[in-house]
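A quick write-up on the structure given underneath.
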Amino acid sequence: MIDAHIHADTRPYEDFEIMAIAGVEAAITCAHDPLKMSTSAVVMDHIDRIMNDDVKRAADNGLKLFLALGIHPRSITPDFEMILDKLPSLLKRDDVVAIGEIGLETASSSEKDVFKRQLQLAQELEMKVIVHTPRRNKRDITKITSAIIHENINPSLVLVDHVDNSIVDFMIDFEGMLGITVQPQKMSPKGAVNLLDEYGDEKFILDSDMSSSPSNPLSVPKTVHQMRLAGFEEVEIEKVSRENASNFYGILIE
Ligand SMILES: [Zn+2]
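Read in order, the letters of the sequence shown correspond to residues 1 to 254 in the numbering used here.
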C-alpha cells in the first residue's frame, strides 16, 4: 500500500513501524505549516527536516518516504520569493515526486498569487502537483481552485486532495487525479468505501493526511479492510491503495 499524503514531521517514530507492519510500503510526505511560518527561514528549515530527518526516521522503520515540496497556503511568508527561487533546485532530488501541498485556504489574493506561480513552475518542470482543498467554505473555494488550475497548468499533472461528498459531484469530471483523505473528523473508512462504490476506482488515491490534527496512521489499511468486507475486487483495491499513486507519481517500490 501507499499512503499518498502524510505529514511525517508531526508524527512519532513509532507510527512508521505501525504503518510498515500493516503493509504500507511507502508514503508521500507533504510540506505544510507545522509552526507559525513567520519567515522563509522557518519554511526552509521545515523542508530541510522533511528531506533529511523524516526520510531517515521512516526508513529506519521500513517505510519508504517520497516527498512533495512547496508553499502551503498557510505558510505564505512576507519573503516567500526566497522559497520560490530555491524550489527548482530542491525539486531535482529523485525522491521528490510532486510540488505540494499547495492551494487555497481562504482564497486571498496572496494565496492565489503563490498558488498560480507554483502551478506555472510545475508546468514548466512537468512535475506533478498535490492540491489542498480546505475544510471551511470547501465547495466555493474548490471551484475557485479548479478554475485557477485550468488557467495555469495541464490538469492531468494535478491531484486535487481531500475530495469528499461536498465536492465530488463537480470534481469527478476533473482531468487529473482525486485524493480521498480518510481521517477522523473528515471521512471514515466506510465513508470512503461508499464514495468509491458510487464513483468508481479509476481517479481516486487514498491517503491519511496524518498530522497534528486527529489522525490515524492506519487509515489506508483500514479502508482497504473495509473495501474487502464490502466485496470489492482485489484489482479495485490495488488501484486506489497502490497502483493509481504509483502510476501517477512514478513511484517504484521494489
Ligand atoms: Zn495535508
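Heads up, the beta-carbon is just placed ideally off N, CA and C, and yes, glycines get one too.
Bear in mind that the values here come from a model prediction, so they are computed numbers and not experimental data.
Counting of Cβ neighbours within 10 angstroms places LYS36 among the exposed residues, the total staying below 16. Pairwise C-beta distances place the segment 140 to 154 out of contact with the segment 191 to 205, as fewer than three of them are shorter than 8 Å. Listed in chain order, the beta strand (DSSP E) runs fully inside the segment 161 to 214 are 177 to 181, 204 to 207, counting runs of at least 3 residues.
For THR223, the enclosing alpha helix (DSSP H) has its first and last residue at 219 to 229. Within the model, the alpha-carbon separation for ILE76 versus LYS86 is close to 15 Å. Ligand 1 has a heavy atom closer than 7 Å to the beta-carbon of SER211.
Membership of THR29 in any alpha helix (DSSP H) is not indicated; the residue belongs instead to the beta strand (DSSP E) covering 26 to 30. The alpha carbon of SER212 has as its nearest neighbour, out of HIS32, VAL24, GLU234, VAL131, the alpha carbon of HIS32.
Sorting LYS239, ASP45, GLY70 by C-alpha distance to the C-alpha of LYS92 places GLY70 at the top. Between the alpha carbons of ALA230 and ILE18 lies a distance of about 24 Å.
In this structure, LYS203 places its C-beta atom within 8 Å of the C-beta atom of MET177. Inclusion of VAL129 and VAL158 in the CB contact set at 8 Å is warranted, their separation being smaller than that value. Within 7 Å of the C-beta of GLU101 there is at least one heavy atom belonging to ligand 1.
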